[in-house]
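To start, the structure under review is shown below, and the notes come after it.
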Amino acid sequence: MSAPQFDLRSRLATGEPFLFSWMSIPSAELAAQVARLPFEGVALDMQHGVIGFSDAAPMIAAINAAGRPAIVRTLWNSPEIPGQALDAGAVAVIAPMVNTRAQAELLVRASKYPPIGARSWGGYTALQASGLSPGEYLREANRMTMVFAMVETVESLANVEEIAATPGLDGLFVGPSDLSITLSNGAGIDKLGAHTLAAMEKVAAAAKKNGLVAGAFGGSADVMKAYMKIGFTFFAAAVDVDLLHVGAAALMKAMREV
Ligand code: 3PY
Ligand code: MG
16 MSAPQFDLRS RLATGEPFLF SWMSIPSAEL AAQVARLPFE GVALDMQHGV
66 IGFSDAAPMI AAINAAGRPA IVRTLWNSPE IPGQALDAGA VAVIAPMVNT
116 RAQAELLVRA SKYPPIGARS WGGYTALQAS GLSPGEYLRE ANRMTMVFAM
166 VETVESLANV EEIAATPGLD GLFVGPSDLS ITLSNGAGID KLGAHTLAAM
216 EKVAAAAKKN GLVAGAFGGS ADVMKAYMKI GFTFFAAAVD VDLLHVGAAA
266 LMKAMREV
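Numbering-wise (our numbering), the sequence shown opens with residue 16 and increments by one.
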């Protein structure tokens, strides 16, 4: 058996924080560059980015060629995208707006082969890249790939214990922008507000109780450090377009200081 694709599960089991970049721009060439930034993985945002599946497939290949794991945030919690992303070689899927246990079960069903779920067979890129035979891939895939449910609404927070106990689910992933918007009934986005942090504590506790990875969208060092203290370890650290803005602003600031 040759080396399987990036073993995200074993890496996350160390408990050390795992920071990955978050892409919104559909470009395999850019993905090859972003995969070589000092983050441990790359996520493709098919919900708010402008990445469709025919953009994502070559981006996943470029990320894997750089030796990094590819993660896909799906457009919605719809059953077709997890299988497509995993077939194309992503090692993890993150589904937005998972509000109920039934929605979490739907996500697991779409992402895992039997007996855990009902993922349909069609391993193209992932199967070949794994170096495994079809039978070995079938046996290994549920362990090699991971599925995260996004907790980012008041409804999801109320159901978080049942969601976290969903058989086959690997992690919870908080979207703190949507979470703080719904917690404040639309008054604002407050990733570090007292209500948001209290909600994050609840999510981290549910994850811990069920042996799940606790992840969140970070976006800045302050936010990630605060969430790490609560027990989160799996972070979307920086968005491609933000990195462009931050890099350009830092250069121009330095020039003004000359
Ligand atoms: C959120 O913060 O709501 C997210 O979904 C991150 O993209
Ligand atoms: Mg969101």
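Beta carbons: idealized from backbone N, C-alpha and C, even for Gly.
Checklist entry - Comparing the CB of Glu167 with every heavy atom of the ligand MG, is any distance shorter than 7 Å? => result As a working note, residue 167 is residue 152 in the sequence shown. Yes; taking the cut-off as 7 Å, the Cβ of Glu167 has a heavy atom of the ligand MG nearer than that.
Next on the checklist: If you measure between the beta carbons of Leu198 and Ala241, is that distance less than 8 Å?
Outcome noted: For the purposes of this step, residue 198 is taken as the residue at position 183 of the sequence shown. For the purposes of this step, residue 241 is taken as the residue at position 226 of the sequence shown. Against a cut-off of 8 Å, the Cβ pair of Ala241 and Leu198 comes out as no contact.
Checklist entry - So, helix, strand or coil for Leu147, using DSSP? => result Along the sequence shown, one-based indexing puts residue 147 at 132. Coil at Leu147, not helix or strand.
Next on the checklist: Need the endpoints of the beta strand (DSSP E) that Ala103 sits in, please.
Outcome noted: The sequence position of residue 103 within the sequence shown is 88, counting from 1. Element bounds for Ala103: n/a, residue is neither H nor E.
Next on the checklist: Considering just the uninterrupted stretch of the alpha helix (DSSP H) at Ser126, what are its terminal residues?
Outcome noted: As a first step, residue 126 is located in the sequence shown; it is residue number 111 there, counting from the start. First-last of the alpha helix (DSSP H) with Ser126: 116-126.
Checklist entry - In chain order, what residues of the same chain lie with their CB nearer than 7 Å to the CB of Ala81, ignoring the 5 residues before and after it? => result Against the sequence shown, residue 81 aligns to sequence position 66. Closer than 7 Å at the Cβ level, and outside the excluded window around Ala81, lie Ala47, Ala50, Arg51.
Checklist entry - Taking Glu95 as the reference, which of Ala251, His63, Gln143, Phe68 has the closest Cα? => result For the purposes of this step, residue 95 is identified with residue 80 of the sequence shown, where counting begins at 1. If we check each option's Cα against that of Glu95, Phe68 comes out closest.
Checklist entry - Counting Cβ pairs closer than 8 Å, one from the stretch 70-87 and one from the stretch 111-127, do we hit at least three? => result no
Checklist entry - Met38 by DSSP, collapsed to three states: which one? => result Here residue 38 corresponds to residue number 23 of the sequence shown, with the count starting at 1. Met38 falls in the strand class under three-state DSSP.
Checklist entry - With distances taken between CB atoms, is the gap from Leu34 to Phe250 smaller than 8 Å? => result The residue you call residue 34 lines up with position 19 of the sequence shown. The residue you call residue 250 lines up with position 235 of the sequence shown. A contact, by the Cβ cut-off of 8 Å.
Item to check | Of the listed residues Asp70, Trp37, Ala179, Gly183, nearest to Thr160 (C-alpha basis) | outcome: Residue 160 sits at position 145 when you count from the first residue of the sequence shown. Per the Cα distances, Gly183.
Next on the checklist: Below 8 Å, how does it come out for the stretch 124-132 and the stretch 143-151: are there three or more Cβ pairs, yes or no?
Outcome noted: no
Next on the checklist: In this structure, how does DSSP classify Gly132 when only helix, strand and coil are distinguished?
Outcome noted: Along the sequence shown, one-based indexing puts residue 132 at 117. Gly132: coil per DSSP, three-state reduction.
Checklist entry - So, using beta-carbon positions, are Ala125 and Gly98 closer together than 8 Å? => result The residue given as residue 125 occupies position 110 in the sequence shown. The residue given as residue 98 occupies position 83 in the sequence shown. The answer is yes: Cβ separation under 8 Å.
Next on the checklist: Within 8 Å, do at least three Cβ pairs link the stretch 186-197 to the stretch 36-43?
Outcome noted: no
Checklist entry - Does the Cβ of Phe68 lie closer than 7 Å to at least one heavy atom of the ligand 3PY? => result As a working note, residue 68 is residue 53 in the sequence shown. Because no heavy atom of the ligand 3PY lies under 7 Å away, the Cβ of Phe68 does not count as near it: no.
Checklist entry - In chain order, what residues of the same chain lie with their CB nearer than 7 Å to the CB of Glu177, ignoring the 5 residues before and after it? => result As a working note, residue 177 is residue 162 in the sequence shown. So the qualifying residues of the chain are Arg116.
Checklist entry - With respect to 7 Å, is the separation between the Cβ of Ala232 and the closest non-hydrogen atom of the ligand 3PY below this value? => result Within the sequence shown, residue 232 is the residue found at index 217, counting from 1. It is Phe, not Ala, that sits at residue 232 in the sequence shown. Checking every heavy atom of the ligand 3PY against the Cβ of Phe232, one is found closer than 7 Å.
Next on the checklist: Within 10 Å of its beta-carbon, does Glu167 have 16 or more other beta-carbons around it, so buried, or fewer, so exposed?
Outcome noted: Reading the sequence shown from its first residue, position 152 is the one you call residue 167. Flag for Glu167 reads buried.
Next on the checklist: If I measure Cβ to Cβ from Gly186 and keep anything under 6 Å in the same chain, skipping five residues before and after, which residues do I get?
Outcome noted: Residue numbering aside, residue 186 sits at position 171 when the sequence shown is read from its first letter. Contacts found: Phe163, Leu227, Val228, Gly230.
Checklist entry - At which residues does the alpha helix (DSSP H) containing Ala81 begin and terminate? => result Position 66 of the sequence shown, counted from the start, is the residue given in the question as residue 81. No alpha helix (DSSP H) contains Ala81, which DSSP labels as neither H nor E.
Checklist entry - Count the other CB atoms within 10 Å of the CB of Ala202; is the residue buried (16 or more) or exposed (fewer)? => result Here residue 202 refers to the residue found at position 187 when the sequence shown is read from its first residue. Exposed: under 16 other Cβ atoms inside 10 Å.
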